[in-house]
Amino acid sequence: MTRTDMERRPVVLVVEDEPVLRMMAVDMVEDAGFEALEAADATQAIEILQSRLDIRIVFTDIDMPQGMDGMRLAAAIRDRWPPIEIILTSGYATPDADSLPARSVFFPKPYVAEKVVEVMHRMAA
Amino acid sequence: MASRSVSDSAPTAESDTQARLDALDLYAILDTPAEVEFDDIAFLAADICESATALVSLVVEERQWFKARVGFDACQTPIGQSICVHALQSPGLLVIPDLTVDPRTKDNTLVTGAPHVRFYAGARLETPEGIGIGTLCVLDDKPRPGGLTERQAAGLERLARQVMTQFALRRAIQERDAAEERRRFLNEELAHRMKNTMATVQAIASQTLRGVTERAAVEAFHKRLHAIASAHQVLLQRSWSGASLQSVVEAMIGTFDMEDRFDVSGPPVDLGARATLSLSLLLHELATNALKYGSLSSPLGRTAIEWHMEPVDGGSDLVLEWRESGGPAPRAPQARGFGSRLIAMGLAGTGGSELRYPAEGFSATFRAPVSQVVEA
Chain A
-16 MTRTDMERRP
-6 VVLVVEDEPV
4 LRMMAVDMVE
14 DAGFEALEAA
24 DATQAIEILQ
34 SRLDIRIVFT
44 DIDMPQGMDG
54 MRLAAAIRDR
64 WPPIEIILTS
74 GYATPDADSL
84 PARSVFFPKP
94 YVAEKVVEVM
104 HRMAA
Chain B
9 MASRSVSDSA
19 PTAESDTQAR
29 LDALDLYAIL
39 DTPAEVEFDD
49 IAFLAADICE
59 SATALVSLVV
69 EERQWFKARV
79 GFDACQTPIG
89 QSICVHALQS
99 PGLLVIPDLT
109 VDPRTKDNTL
119 VTGAPHVRFY
129 AGARLETPEG
139 IGIGTLCVLD
149 DKPRPGGLTE
159 RQAAGLERLA
169 RQVMTQFALR
179 RAIQERDAAE
189 ERRRFLNEEL
199 AHRMKNTMAT
209 VQAIASQTLR
219 GVTERAAVEA
229 FHKRLHAIAS
239 AHQVLLQRSW
249 SGASLQSVVE
259 AMIGTFDMED
269 RFDVSGPPVD
279 LGARATLSLS
289 LLLHELATNA
299 LKYGSLSSPL
309 GRTAIEWHME
319 PVDGGSDLVL
329 EWRESGGPAP
339 RAPQARGFGS
349 RLIAMGLAGT
359 GGSELRYPAE
369 GFSATFRAPV
379 SQVVEA
C-alpha cells in the first residue's frame, strides 16, 4: 500500500431528497474528515455506486417520494455491493430491527451529528 | 337468458334497486365468510318454522347471496331464481303457501325443477331507513295452505330484526376500526412531518450558524432541539397519546450515553403529550448542568432520579427528585439564563420546583398535580 492510498479519505455517499438536509449531511461528513458524494434519490445513488468503486459508506434517508425508497436502496446495496456499510435515517417511527439490512445502523431524524459521525468512523476503521 | 327476462319482469323500480345496492355496500357484508351469529339465526328460523331450509338472503343486482344457509347447497343463485326479490316490495312478511300456483313463482326453476320448492315465507331485512336489502326466509318442499302460525310469523320477524342488528353492529365496529386506523395514520404522518421540520430547522441552524465563533451557544441550541426531538420520538411510539415517565427519563439518559451513572426508580406513571415535552426539556437542562458543573463532571459522581405520587387535598401530586452526589460542591448560579428558567418551570411548565445546593451535591424537587401532567 502506498502512502497516498493510506492518506486517502474514506468516501461516504449521502442520499437525501431534501436539499437543505443533504447540505447539512454533506457538511457533517466532510467536517468528520470523509470525502462526501451526494445523490438526491436512489436512482442517482445507484448510478454513482456503479461508477465509483471506492465508496465505503452509504448514508441514506428512508423516505424519498421519488422512485425507490431508502430501504429498497439499502437492500439493493447489500445485494450488489455487500462490503459497503449502510446508515439509515427517517422521520418515521424506527423500523423493526429485522426489517433493517444486515450490519446497518438506524438514526431517527433529527439525528445527532456526533453520533452518526462516531458510527461512520467505526465503520471506516 | 331466462334469468334476464325474469329480472326485467321483477317488480323493482330502478331507484329501489340502487338504494338497496348502496345499503348493501354500506354494510360491506356481501361475499364474506359464514359467521356463527348468522348461522345460529338461520337454524332458529328453521326450528321455529319447522322447515328443513332457512336462508339469510341478500338480494344484489344479478344474484341473491346467502350469508347463512340451512338445508340449501348453493351459496348464491341467479336473480331469476329469487323468490326473495318479491318479498322486498313491502315491509314485513311475504308468505306464499303454494309456489306452484302463485303467478310470481310458478315458473321459477327452483319450483319447476330440483329442489322442487313448494312453500316460502320470508321476513324482510330492512335498514333503519326502511330499505329492504334481503330476507330471512324459510322454504318447504310441501305446500302449506295455512301458511305460518302466528307464533312462527312473529318469531321469523323478530329473528329478521336480529339479523339487521348484527349487520348494524358489524358496521359500527368496522367504522370504529376505520376511524381508529385513520387517526393512527394521521398521527404518524403529523409526527413524521414534525420531525422532518425539526431536522430542517437543525440543518438551517447549522448552516446559518456555521461562522459563529461562540460554539457553546450553538451547541446548546442543537442539544435543546434534540431534547425536544427525542421527546417526539418517545411520543411517536404511542401515536402521540402520551408516554411513560420511565421512557422519557430513559430517552434523556440515552442521549447523554451515561446509562451507568444514573439511578432511576419510580412507579409507572403515564404522562400527557405536553408534560412529556416539558419534562424532556427539564431533564435535559438538569443533565447538561450536571455534566458541566455537577456530579457527572467527575468520573465517580452519580445522579439519582426518583419519583412518586403524594396525596394532597383534592387529588395527588407527582413528585420528582433529582439528586446528585460524588461531584464537586455546587454553587447556585449567578445569572438567570434560559436553562435555569426552564428548570424553574418544573414538571408541567407551571413552576413547583425547589432547588438546593448543599456541599454533597445539587438536588431538586419538582412537584405538579397529577391531573396537570397526565392530560394531553
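From first to last, the protein sequence lines are chains A and B.
-16 is the number of the first residue of the first sequence in the working numbering; add one for each residue after it.
9 is the number of the first residue of the second sequence in the working numbering; add one for each residue after it.
All residues carry an ideal CB built from backbone N, CA and C; glycine is no exception.
Computed from a prediction, not measured in an experiment: that's the story for all the values here.
Taking Glu196/B as reference, the option from Lys98/A, Gln27/A, Ser73/A and Ser82/A with the minimal CA-CA separation is Ser73/A.
Look at Val12/A: its C-beta is not under 7 Å from any C-beta on chain B. For the pair Leu289/B and Ala237/B, the CB atoms are not nearer than the 7 Å cut-off. Sequence-distant partners of Glu45/B (beyond 5 residues in either direction) whose C-beta falls short of 6 Å from its own C-beta, in its chain, are Gln174. Glu1, Val3, Leu4, Arg5, Met6 and Met7: these are the residues of the segment -8 to 7 of chain A whose beta carbon lies less than 9 Å from some beta carbon of chain B, given in chain order.
Following the DSSP letters along the chain, one finds Gln245/B in no alpha helix (DSSP H), marked with neither H nor E. For the set Arg310/B, Ser379/B and Pro276/B, the Cα lying nearest the Cα of Val320/B is the one of Ser379/B. In chain order, Arg126 place their CB closer than 6 Å to the CB of Lys150/B, counting only its own chain and leaving out the 5 sequence neighbours on each side. Chain-order list of chain B residues neighbouring Ala76/A: Glu196, Ala199, His200, Gln241, Leu244 and Gln245, by C-beta distance under 9 Å. The segment 221 to 233 of chain B makes no contact with the segment 161 to 172 of chain B; the number of CB pairs closer than 8 Å stays below 3.
Listed in chain order, the positions of the segment 40 to 54 of chain A with a beta carbon within less than 9 Å of a beta carbon of chain B are Asp46. One thing to note: Val(-3)/A has its Cβ within 7 Å of the Cβ of Ala19/A. For chain A, the residues of the segment 200 to 226 of chain B that bring a beta carbon within less than 7 Å of one of its beta carbons are His200, Lys203, Asn204, Met206, Ala207, Thr208, Gln210, Ala211, Ile212, Ser214 and Gln215, in chain order. Residue pairing by DSSP puts Cys145/B in a beta bridge opposite Leu63/B and Gly130/B. Ranking Gly79/B, Glu58/B and Ile87/B by CA distance to the CA of Gln72/B puts Ile87/B first. In the DSSP assignment, Arg(-8)/A falls outside any alpha helix (DSSP H), carrying neither H nor E. Interface criterion not met: the Cβ of His292/B is under 7 Å from no Cβ in chain A.
Per DSSP, the beta bridge partners of Trp315/B are Leu328/B. Within chain A, the C-beta atoms nearer than 7 Å to that of Ala237/B come from Pro93, in chain order. A check of alpha carbon separations from Leu350/B across Gln342/B, Ala343/B and Gly359/B identifies Gly359/B as the nearest. Assigned with DSSP and collapsed to three states, Phe229/B falls in helix. Apart from sequence neighbours up to five positions away, the residues of its chain that approach Leu285/B with a beta-carbon distance below 6 Å are Ala239, ordered along the chain. By the neighbour-count criterion, in which 16 or more other beta carbons inside 10 Å mark a residue as buried, Thr216/B falls on the exposed side. Counting along the chain, Thr117/B sits inside the alpha helix (DSSP H) bounded by residues Thr117 to Thr120. The continuous beta strand (DSSP E) containing Thr72/A extends over residues Glu68 to Ser73. Judged by DSSP secondary structure, Ala281/B falls within the alpha helix (DSSP H) whose first and last residues are Ala281 to Lys300. By the Cβ-count criterion, Gln210/B is buried, with 16 or more other Cβ atoms from all chains shown falling within 10 Å of its own Cβ. The beta-bridge partner set that DSSP reports for Thr373/B consists of Glu329/B and Glu362/B.
Contact annotation: the segment 32 to 43 of chain A touches the segment 89 to 106 of chain A, with at least three C-beta pairs closer than 8 Å.
Using a Cβ-Cβ cut-off of 9 Å, Leu233/B is close to Pro93 of chain A, given in chain order. The DSSP-derived three-state label of Glu18/A is strand.
Following the DSSP letters along the chain, one finds Ser273/B inside the beta strand (DSSP E) bounded by residues Phe270 to Ser273. In the assembly as shown, Leu177/B is an exposed residue. Its beta-carbon has fewer than 16 other beta-carbons within 10 Å. Under DSSP, Thr85/B takes part in a beta bridge, and its partners are Gln72/B. In the structure shown, the three-state DSSP call for Pro2/A is helix.
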